[in-house]
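Asks:
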Amino acid sequence: MSALDQKVFAPLSGGCHCGAVRYVISAAPRRHSLCCCVDCRRCAGAPMVGWASVGEDTLTITGQTARYNSSGDVERVFCPRCGTGLFYRSASLFPGEVDVSTGTLDDPDALPPTEVIQVADAPAWWTAIGSLPRHARFPEESDPNP
């Protein structure tokens with residue numbers, strides 16, 4: 056059994072920014088990792104990327120996607136219309152699995168992360184994120200630390 060409880064799982068849905076690609080996850084992911092590796096950071100343009108690891112047979116995708124081989128057998132799948140990164144596949148590292156970008160979930164609160172991986176590649180400043188001022192929206196629109 057995964058770290059994510061199968062007994063309380065309800066299907067999850069998500070998709071790209073423009074809505075051309077949609078997906079449904081029908082079984083609990085094996086894990087939900089926040090990845091700090093250089094490849095994920097560069098492909099996403101973000102300091103880390105959330106990935107939910109699901110069985111290929113539990114993911115239903117609708118809409119046209121495009122693929123990019125970023126290294127070896129690693130395939131990154133995205134929407135060709137808006138460019139949203141959606142899926143990651145590596146047959147050698149994770150046979151039978153697809154990683155779904157959790158930033159594309161309709162309800163990101165439905166799937167909390169279970170681990171942070173590839174921290175050896177994380178920027179040195181990432182550990183200080185918890186101490187930064189917090190704003191509900193933009194700094195000039197709200198008080199810090201709501």
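With our numbering applied, the sequence shown closes on residue 201, and no number is skipped along the way.
Every residue, glycine too, gets a C-beta built ideally from N, C-alpha and C.
Note that the structure is predicted; figures quoted are calculated from it, not measured.
Give the secondary structure of T115 by DSSP, where H, G and I count as helix, E and B as strand, and everything else as coil.
Replies: Translated into the one-based positions of the sequence shown, residue 115 becomes position 60. DSSP places T115 in strand when its eight states are reduced to three.
Asks: Could you tell me if H72 is buried or exposed, where buried requires 16 or more neighbouring beta carbons within 10 angstroms of its beta carbon?
Replies: Taking the first residue of the sequence shown as 1, we reach residue 72 at position 17. Exposed, because fewer than 16 other Cβ atoms sit within 10 Å of the Cβ of H72.
Asks: Residues in the same chain with beta-carbon distance under 7 Å from P66, minus the five sequence neighbours each way, listed in chain order, please.
Replies: What you label residue 66 is simply residue 11 of the sequence shown in a count that begins at 1. Closer than 7 Å at Cβ, skipping near neighbours: V79, I80, S81.
Asks: Below 8 Å between beta carbons: does that hold for P102 and L166?
Replies: By 1-based counting over the sequence shown, the position of residue 102 is 47. By 1-based counting over the sequence shown, the position of residue 166 is 111. Taking 8 Å as the Cβ cut-off, P102 and L166 do not qualify as a contacting pair.
Asks: Which class does G158 belong to by DSSP, given the choice of helix, strand or coil?
Replies: Here the question's residue 158 lines up with position 103 in the sequence shown. The answer is helix: DSSP assigns G158 an H, G or I state.
Asks: Please state if the CB of C91 and the CB of V174 are separated by a distance shorter than 8 Å.
Replies: Counted from its first residue, the sequence shown places residue 174 at position 119. Counted from its first residue, the sequence shown places residue 91 at position 36. Contact: yes.
Asks: In terms of DSSP beta bridges, what is R77 paired with?
Replies: Here residue 77 is taken as the residue at index 22 of the sequence shown, counted from 1. Beta-bridge pairing links R77 to G70, T117.
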